[in-house]
Amino acid sequence: MALSQSKVVAIYPGSFDPLTSGHLDLISRGSRLVDKLIVAILRNESKQPLFSVEERIGMIHEVLDNRYPSVEVEGFNGLLVDYAAERGASLIFRGIRAISDYEYELQMALMNRRLRPEIETVFLMAGEEYSFISSRLVKEVFRLGGNISGLVPPAVEARLKNTGDKR
Ligand code: PNS
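Under the numbering used here, the very last position in the sequence shown is 187; numbers go up by exactly one each time.
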């Protein structure tokens, strides 16, 4: 839905370790607003992720299953705003679940604006049924033997079950 000739590109950045049903809902909502949506996974060597960036990219592709032709998935290094500029993005999408998310998100959005004022952060709300879901809690519930069905897409649930000795 570009207003002019130029394509509107947005980045949806995050850790996605792993992708949750809330993330998927945001991808679906976000993809309807722009010409191209890039789901960008931070390559952060200092964190100890459950899934490698390559595994996460593969998992997200499996979940999207070619249903979203305008969505791309890739890893990124360094400053988010530099990566966004490199990819020709004018928007950064971030999901807000509750007011508690807002403070950290506002801080990041304002820092990113200071670094590159031409890039706008847009907050999107996932469906309220996903408002309590986070990758961190999903991993914890799963590790302790709880039911995570519906909290993550079925393909992610299957991959979690295959993590075996990583648990
Ligand atoms: O899913 P997350 O872990 O909340 O995502 C955080 C993320 C990846 C969006 C943030 O850590 C980030 O943008 N990192 C890249 C480095 C950077 O640009 N830092 C300055 C942000 S103000």
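For every residue, glycine included, the Cβ atom is placed at its ideal position computed from N, Cα and C. As the structure is a computational prediction, the values presented were derived from the model and not from experiment.
Below 8 Å, too few C-beta pairs join the segment 105 to 124 and the segment 69 to 81 to call them touching: fewer than three. DSSP places Leu70 in the coil class of the three-state scheme, outside both helix and strand. Fewer than three Cβ pairs drawn from the segment 42 to 59 and the segment 123 to 136 lie within less than 8 Å of each other, which leaves the two stretches out of contact. Of the heavy atoms belonging to the ligand PNS, none sits nearer than 7 Å to the Cβ of Met145. The DSSP-derived three-state label of Phe96 is strand.
Shown here for Glu106: not one same chain residue has a beta carbon closer than 6 Å to its own, the five before and five after excluded. Environment of the ligand PNS, chain-ordered: Pro33, Gly34, Ser35, Leu62, Leu99, Leu100, Met128, Met131 and Asn132, taking every residue with Cβ within less than 6 Å of a heavy atom. The DSSP-derived three-state label of Ile47 is helix. Secondary structure within the segment 119 to 184: the alpha helix (DSSP H) runs of 4 or more consecutive residues, fully enclosed, are 119 to 135, 155 to 163 and 174 to 182 (chain order).
Under the DSSP assignment, Arg114 falls in the beta strand (DSSP E) whose first and last residues are Leu111 to Gly115. About 6 Å separates the beta carbons of Leu100 and Asn132, which is inside the 8 Å limit, making them a contact pair.
One Cα belongs to Val172, the other to Asn64, and the distance between them is close to 22 Å.
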